[in-house]
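Have a look at the structure below, then the notes.
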Amino acid sequence: MKKFNVSLVAALLPLALAGVAQAQEQEDGIDVSGTVRVNYAYKDYSESSKDKGGDFAFDMAAIKFNGKLGEWGLASEYRFFDGWQALRYGYGFYDLNPEWQIQFGVNQVPFGNPGFISNSFWFGVPYYLGFEDDYDLGVKGVYSSGAWGTEMAFYKNAEYGAGRTDRYSTDLYSGVVNGTEYNNEETNQLNLRQTYEMSYEGGRTLFGASVEYGQIYNNKTGNNGDRYAVAIHMDSSYKGWNLQLQAMQYEYDAADAVDSNKIAVAAYNWQYEIAAKAQAYSVNLAKTIATDWGSLKFYNDFGMVTPDVADDGYDTSYQNVTGCAIAAGATYTMVDFIVGKNMYASTRDNGHVGLPEVGDSWDKRININFGYYF
């Protein structure tokens, strides 16, 4: 019988194991990436902003973890802002088969156009209502087969407690806003989104419809109200052009409300009020042009919110963003010109959405956001 050289095996074994580990890492493992962003803002309606020629400041830094080990996986993003920080999402997932995936944790709520109903840094109006790029804590099933896609989810509650404003996505807020006390918490939420993709030479069109229903718990009285939202949406691309359309209706019917016409929400370290019932419409058009060094995307995002409450004094909110996104290497820059009327974050005197307007003006601002991705 042939004898083995034990010392040779001992020398080669670590190399062999390293080779196996490296091959395994190519298929499985955790990928770590991140973002650093800075922001320039100029408000035409702010005297201090005009006097200074705008403000240039740190926006945020983020770290992401994404990876798989067999059928199990992990996805997470945590963001650090100026003076506060928040989890954007963090969930585990399991691939049951090539068609079904189960996600559990803080994941994206399947409502409205998949991904975003906007092209700009400024988001679309559904974000400020709690219906764009929203993340909650629960379980979601994702099904994809051919042209059909189905997402079903149950969320026990929002990703953070209702008294916190330092959060990425928009959720109901419990606290005092403009002298009104709110005691509302999101709980027991069901979501369903159905999509169908039609492909053709030069592009594709994704049609979809979404439904959301949940409870509103009053942490002062112990009673429950309810809430719902429905939407139809379309995302169509053809030879560099993209058209997004969405129409939705929502209603927050809080138990024991001081004023049933409005409700409080919080996002990005601030709290504000929105109409308790309204319709929201989004029309976005974009054109992407490839270059030798990256790409340019020109876009115009228009949104409006029409309140549908008992108080006839509530006014429509408008937001229009015209801009250009510049992708070059590891950088991504969004240059936006924002015009708003009676719209939170876009106007001087109207820090709300769909409430009675203060004044009667269209306010303007410029925002430039530069990001480095690694």
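Just so we're aligned: 69 in full-length UniProt numbering is position 69 of the sequence shown, and the numbers increase by one with no gaps anywhere. Each residue gets a CB set at the ideal place from its N, CA and C atoms; glycine is no exception.
Distance between residue j and residue i (C-alpha atoms, nearest Å)
{"i": "residue 196", "j": "residue 354", "result": "32 angstroms"}
{"i": "residue 82", "j": "residue 166", "result": "11 angstroms"}
{"i": "residue 56", "j": "residue 337", "result": "16 angstroms"}
{"i": "residue 48", "j": "residue 348", "result": "12 angstroms"}
{"i": "residue 103", "j": "residue 189", "result": "16 angstroms"}
{"i": "residue 351", "j": "residue 31", "result": "40 angstroms"}
{"i": "residue 157", "j": "residue 187", "result": "4 angstroms"}
{"i": "residue 258", "j": "residue 315", "result": "20 angstroms"}
{"i": "residue 194", "j": "residue 160", "result": "27 angstroms"}
{"i": "residue 269", "j": "residue 222", "result": "27 angstroms"}
{"i": "residue 296", "j": "residue 286", "result": "10 angstroms"}
{"i": "residue 129", "j": "residue 89", "result": "19 angstroms"}
{"i": "residue 97", "j": "residue 163", "result": "40 angstroms"}
{"i": "residue 211", "j": "residue 53", "result": "44 angstroms"}
{"i": "residue 290", "j": "residue 299", "result": "15 angstroms"}
{"i": "residue 99", "j": "residue 66", "result": "20 angstroms"}
{"i": "residue 200", "j": "residue 301", "result": "25 angstroms"}
{"i": "residue 309", "j": "residue 251", "result": "9 angstroms"}
{"i": "residue 91", "j": "residue 106", "result": "5 angstroms"}
{"i": "residue 332", "j": "residue 260", "result": "42 angstroms"}
{"i": "residue 44", "j": "residue 50", "result": "6 angstroms"}
{"i": "residue 303", "j": "residue 240", "result": "22 angstroms"}
{"i": "residue 280", "j": "residue 360", "result": "20 angstroms"}
{"i": "residue 306", "j": "residue 366", "result": "25 angstroms"}
{"i": "residue 119", "j": "residue 185", "result": "30 angstroms"}
{"i": "residue 178", "j": "residue 283", "result": "31 angstroms"}
{"i": "residue 126", "j": "residue 117", "result": "8 angstroms"}
{"i": "residue 41", "j": "residue 122", "result": "12 angstroms"}
{"i": "residue 135", "j": "residue 181", "result": "25 angstroms"}
{"i": "residue 169", "j": "residue 133", "result": "7 angstroms"}
{"i": "residue 16", "j": "residue 74", "result": "Reliability fails at residue 16, whose pLDDT of 40 lies under 50, so the model's placement of it is uncertain and the value that follows must be treated cautiously. Distance between the alpha carbons of residue 16 and residue 74: 28 angstroms."}
{"i": "residue 213", "j": "residue 149", "result": "20 angstroms"}
{"i": "residue 275", "j": "residue 262", "result": "5 angstroms"}
{"i": "residue 138", "j": "residue 334", "result": "32 angstroms"}
{"i": "residue 346", "j": "residue 113", "result": "23 angstroms"}
{"i": "residue 372", "j": "residue 80", "result": "15 angstroms"}
{"i": "residue 13", "j": "residue 85", "result": "Residue placement at residue 13 is poorly supported in this model, since its pLDDT is 39, which falls under 50; the coordinates still yield a value, given next. Distance between the alpha carbons of residue 13 and residue 85: 46 angstroms."}
{"i": "residue 311", "j": "residue 317", "result": "15 angstroms"}
{"i": "residue 322", "j": "residue 173", "result": "31 angstroms"}
{"i": "residue 21", "j": "residue 292", "result": "Residue confidence for residue 21 is low, a pLDDT of 42 falling below 50, so the modelled location carries little weight; the figure read from the coordinates is stated next. Their Cα atoms are separated by approximately 38 angstroms."}
Nonlocal neighbours in the same chain, by C-beta distance under 6 angstroms from residue i, ignoring five residues either side
{"i": "residue 234", "result": "207, 245"}
{"i": "residue 253", "result": "225, 226"}
{"i": "residue 142", "result": "101, 151"}
{"i": "residue 272", "result": "344, 351, 352"}
{"i": "residue 63", "result": "34, 78"}
{"i": "residue 28", "result": "68, 69"}
{"i": "residue 242", "result": "286"}
{"i": "residue 76", "result": "65, 90"}
{"i": "residue 205", "result": "198, 236"}
{"i": "residue 364", "result": "44, 339"}
Boundaries (first-last residue) of the beta strand (DSSP E) holding residue i
{"i": "residue 305", "result": "294-307"}
{"i": "residue 91", "result": "85-95"}
{"i": "residue 80", "result": "72-81"}
{"i": "residue 111", "result": "Run containing residue 111: none; DSSP gives neither H nor E here."}
{"i": "residue 150", "result": "148-158"}
{"i": "residue 227", "result": "224-238"}
{"i": "residue 144", "result": "135-145"}
{"i": "residue 64", "result": "55-69"}
{"i": "residue 263", "result": "262-267"}
{"i": "residue 174", "result": "174-177"}
Beta-bridge pairing of residue i - partner residues as DSSP gives them
{"i": "residue 47", "result": "Its beta-bridge partners do not exist; DSSP assigns none."}
{"i": "residue 187", "result": "157, 215"}
{"i": "residue 278", "result": "250, 307"}
{"i": "residue 284", "result": "244, 301"}
{"i": "residue 39", "result": "57, 369"}
{"i": "residue 197", "result": "206"}
{"i": "residue 181", "result": "176"}
{"i": "residue 31", "result": "66"}
{"i": "residue 273", "result": "264, 352"}
{"i": "residue 106", "result": "90, 137"}
{"i": "residue 171", "result": "266"}
{"i": "residue 122", "result": "Per DSSP, none; premise fails for residue 122."}
Proximal residues to residue i (C-beta, below 8 angstroms), its chain only, five neighbours per side dropped
{"i": "residue 294", "result": "326, 327, 328, 329"}
{"i": "residue 18", "result": "Note that residue 18 scores a pLDDT of 42, beneath 50, so its modelled location is shaky and nothing firm can be said."}
{"i": "residue 176", "result": "182"}
Endpoints, the alpha helix (DSSP H) within which residue i is located
{"i": "residue 129", "result": "125-129"}
Own chain residues within Cβ distance below 7 angstroms of residue i, not counting five before or after
{"i": "residue 313", "result": "356"}
{"i": "residue 95", "result": "71, 101"}
{"i": "residue 255", "result": "216, 218, 221, 223, 224, 225"}
{"i": "residue 238", "result": "202, 203"}
{"i": "residue 59", "result": "37, 38, 39, 369"}
{"i": "residue 145", "result": "99"}
Short CB-CB distance (under 8 angstroms) between residue i and chain B
{"i": "residue 174", "result": "No chain B appears in this structure, which consists of one protein chain only."}
Can you list, in chain order, the stretches of the beta strand (DSSP E) that have 3 or more residues and sit fully within the stretch 312-371?
-> 317-328, 331-341
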